[in-house]
Amino acid sequence: SQQGEEDPQALSIQEGENATMNCSYKTSINNLQWYRQNSGRGLVHLILIRSNEREKHSGRLRVTLDTSKKSSSLLITASRAADTASYFCATVSRRQKLVFGQGTRLTINP
Amino acid sequence: GAGVSQSPSNKVTEKGKDVELRCDPISGHTALYWYRQSLGQGLEFLIYFQGNSAPDKSGLPSDRFSAERTGGSVSTLTIQRTQQEDSAVYLCASSWEAGGRDTQYFGPGTRLTVL
Chain E
1 SQQGEEDPQA LSIQEGENAT MNCSYKTSIN NLQWYRQNSG RGLVHLILIR
51 SNEREKHSGR LRVTLDTSKK SSSLLITASR AADTASYFCA TVSRRQKLVF
101 GQGTRLTINP
Chain R
1 GAGVSQSPSN KVTEKGKDVE LRCDPISGHT ALYWYRQSLG QGLEFLIYFQ
51 GNSAPDKSGL PSDRFSAERT GGSVSTLTIQ RTQQEDSAVY LCASSWEAGG
101 RDTQYFGPGT RLTVL
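Going down the list, the protein sequences come from chains E and R. Using our numbering, the letters of the first sequence correspond one by one to residues 1 to 110. Using our numbering, the letters of the second sequence correspond one by one to residues 1 to 115.
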């Protein structure tokens, strides 16, 4: 079964706007990771946030983690057409492997 | 350096045939993972190798699926007697550390179509 669940399932915004995606999970975690997938093929790692961290930045990306609510958010600022992709959160399960959510399909309209 | 590679990139087979999918991880990575992704869906964990430890096969959907990793490097995922529901993109990933504590680097995937 999936651990992380992304919300919304699909998001469409105008270029230049900010995009926020959320991820909820069920069990305690070691870390939470966000990945991007273009064209339904290989995933690209974006950012990893550990359970003792609350916020992390990488370029236009900002990730927050609230372990009390078992949730994380990914914010992409000043979106670009090239940001159009599916975004997945992944958590480390009890079996010590990454478990991915269903993903959010982000579309940036020019 | 070279990333994770997978072959073939596309495979079309007939129902009932066996297929082998190959993954070449990044050199030195001790952990190797196989996932399956059906159209428009998330990633489904299949199997995980870590060094010389016994693999975690908890995600394999049936006994028609098996995988091996030779010499701690290349891995082969075998699907016997393929069924139409096996059609999906099969993704391989590797990482330095085990247990999801490190970034996973993904290959481009193999798109399997079972007719």
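For each residue, glycine too, the CB sits at the ideal point set by N, CA and C. Since we're looking at a predicted model, the values are computed, not measured.
query                                                                                                                         : result
Cutoff 9 Å: residue 108 of chain R Cβ touching any chain E Cβ                                                                 : yes
Coarse secondary structure for residue 97 of chain R, derived from DSSP in three states                                       : coil
Any chain R beta carbon closer than 9 Å to residue 43 of chain E                                                              : yes
Outcome for residue 104 of chain R when other beta-carbon atoms lying within 10 angstroms are tallied against a minimum of 16 : buried
Where residue 102 of chain E meets chain R, residues with beta-carbon distance less than 8 Å                                  : 41, 42
Short Cβ contact (9 Å threshold) for residue 68 of chain R with residue 62 of chain R                                         : no
Contact list for residue 104 of chain R against chain E, beta-carbon separation under 9 Å                                     : 33, 35, 43, 45, 90, 98
Beta-carbon proximity list for residue 17 of chain R, same chain, < 7 Å, skipping 5 on both sides                             : 82
Interface positions of the region 40-73 of chain R facing chain E (Cβ-Cβ less than 7 Å), listed along the chain               : 41, 42, 43, 45, 48, 56, 58
Residue 25 of chain E, enclosing beta strand (DSSP E) - first and last residue                                                : Careful: residue 25 of chain E lies outside any beta strand (DSSP E) and carries neither H nor E.
Host beta strand (DSSP E) of residue 66 of chain R (start-end)                                                                : 65-69
Bridge-paired residues (DSSP) for residue 14 of chain R                                                                       : DSSP, once it has assigned bridges, lists no residue as partnering residue 14 of chain R.
Same chain only: Cβ atoms within 6 Å of residue 1 of chain E, ignoring 5 sequence neighbours per side                         : Confidence in residue 1 of chain E is poor, its pLDDT being 41 and thus under 50, which makes the residue's placement unreliable; the coordinate value appears in the next sentence. Around residue 1 of chain E: no qualifying Cβ.
Burial state of residue 46 of chain R (16 or more Cβ within 10 Å)                                                             : buried
Helix, strand or coil at residue 84 of chain R [DSSP, three-state]                                                            : helix
Straight-line gap, residue 84 of chain R to residue 12 of chain R (C-alpha atoms, nearest Å)                                  : 11 Å
Three-state class that DSSP yields for residue 66 of chain E in the structure shown                                           : strand
Closest Cα partner of residue 72 of chain E within the set E/108, E/87, E/15, E/109                                           : E/87
Check whether residue 7 of chain R and residue 113 of chain R have beta carbons under 9 Å apart                               : no
Cutoff 6 Å; reference residue 133 of chain R; Cβ partners in own chain excluding five residues on either side                 : The structure shown does not extend to residue 133 of chain R, since chain R is modelled only from 1 to 115, so the question has no answer here.
Rounded Cβ spacing between residue 108 of chain E and residue 81 of chain E (contact assumed at less than 8 Å)                : 5 Å
Reference residue 97 of chain E; option with closest CA among R/88, R/56, R/38, R/92                                          : R/56
Whether residue 51 of chain E touches residue 65 of chain E by CB criterion (9 Å)                                             : yes
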